[in-house]
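Numbering (our numbering), first residue to last: 4 to 407.
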Ligand code: GLN
């Protein structure tokens, strides 16, 4: 029978969630799909195209062979929580209780979402520095928070302390911080963190701090974990993951470190969202977190070489680059190419030149604010850089104007 003739079918579908209508699919992940479609060199989504360390892969294989294949404890395997606590105290000098202050999640994405859902009530506002990693927008909408944006100003991505103070108030529940920062490469410095701390204390606000790029630091930049700033230990939720530090973005193992009360709320949200992260990969994570300091020093050194390589390629191709001090992205200014906006340029680049990057507008609430920017990632091999350099050599300053 033709289903359209059935008396049970109508043309009216049930209404969808109004929340999901307020945001689009991820532009970053869309650019990866376009890169595949056009066989472009993918410098858009931040994932390494080189192998993960052999030790972490072996640990995962061993864990599967040892039959660690059933649910881990919902809020994280004990071995991983212990390793997270030990590493956090080693890196930051702050001790945390692995039994009461850690929730292991499916990547930092889920850790951030669970943290937001655990603390937000209707009417609450969340302060977000702009440009921001695109997930924070939908995180706010889905958790029911009203975002209040504060600009980081190029070229050094400083914020105006008065603008920051002006958005804090009785409705403020949290500030989202990301240091080292995606997409700008800014590393927040102590005086800045103390200004943020003063406002958090004054208005009784949480800091949710995404520190996933903590080990990617250049030119002597130092990472300061917000939880270590005087007065912030008990109002900071620190988000991190295996993904970037150990080059395993597809494993989806992340965590939230938070004071005990907040942790019990985060654990409840996490439990009903996903139950738990992959058990054998948590065991492998525990092994990785015990890597010696040399691993992190080498990581930073290798990323410095990659950063400088991509800075050279982009500068030669006519981009104005904002030199990052941390993380693994380069934000660029594309004005000299003469395209109407960042999306038009990104499309031209992926289709005609064969290089994928992320349009700057995806990091701003108002797309016009990002229209002169494009973000490139450098967590890539020399082979990839070589291919990108060859393709970008075809790009001409002013090529956008000539197309019109
Ligand atoms: N954090 C990475 C980026 O900004 C990857 C984002 C993602 O797709 N989860 O590109």
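For every residue, glycine included, the Cβ atom is placed at its ideal position computed from N, Cα and C.
Residue i: CB within 6 Å of a non-hydrogen atom of the ligand GLN
i	result
residue 333	no
residue 32	yes
residue 49	yes
residue 185	yes
Residues bridged to residue i [DSSP beta-bridge criterion]
i	result
residue 154	133
residue 70	Per DSSP, none; premise fails for residue 70.
residue 460	As shown, the chain starts at 4 and ends at 407. That puts residue 460 outside it, with no answer to give.
residue 1	As shown, the chain starts at 4 and ends at 407. That puts residue 1 outside it, with no answer to give.
residue 96	In the DSSP output, where bridge partners are listed per residue, residue 96 has none listed.
residue 107	258
residue 242	213 and 259
residue 128	149 and 175
residue 161	156
residue 45	359
residue 329	220
Inter-residue CB distance, residue i and residue j (contact presumed, cutoff 8 Å)
i	j	result
residue 337	residue 348	5 Å
residue 353	residue 41	5 Å
residue 244	residue 110	6 Å
residue 306	residue 379	Incorrect: roughly 14 Å between the Cβ atoms, too far for contact.
residue 303	residue 229	Not confirmed; about 20 Å, so no contact.
residue 119	residue 148	7 Å
residue 210	residue 235	6 Å
residue 27	residue 48	Actually they are not in contact, since the Cβ atoms of residue 27 and residue 48 sit about 16 Å apart, beyond 8 Å.
residue 176	residue 155	Going by Cβ atoms, the distance from residue 176 to residue 155 rounds to 21 Å, so no, they are not a contact pair.
residue 182	residue 212	7 Å
- Every unbroken beta strand (DSSP E) within the stretch 212 to 239, with a cutoff of 3 residues, ordered by chain: none
- Query: Would you call the stretch 270 to 278 and the stretch 291 to 305 touching, i.e. three or more CB-CB distances under 8 Å?
  - Reply: no
- Cβ pair count under 8 Å reaching 3, the stretch 387 to 402 against the stretch 319 to 330: yes
- Give, in chain order, every unbroken run of the beta strand (DSSP E) that is at least 3 residues long and sits entirely within the stretch 349 to 389. 376 to 380
- Item | Given 8 Å, three or more beta-carbon pairs between the stretch 102 to 109 and the stretch 196 to 209 | no
- Does the count of Cβ pairs from the stretch 301 to 316 and the stretch 357 to 368 closer than 8 Å reach three? no
- Segments assigned alpha helix (DSSP H), at least 4 residues, entirely inside the stretch 266 to 291: 282 to 291
- Query: Three or more beta-carbon pairs under 8 Å between the stretch 373 to 392 and the stretch 64 to 84, yes or no?
  - Reply: no
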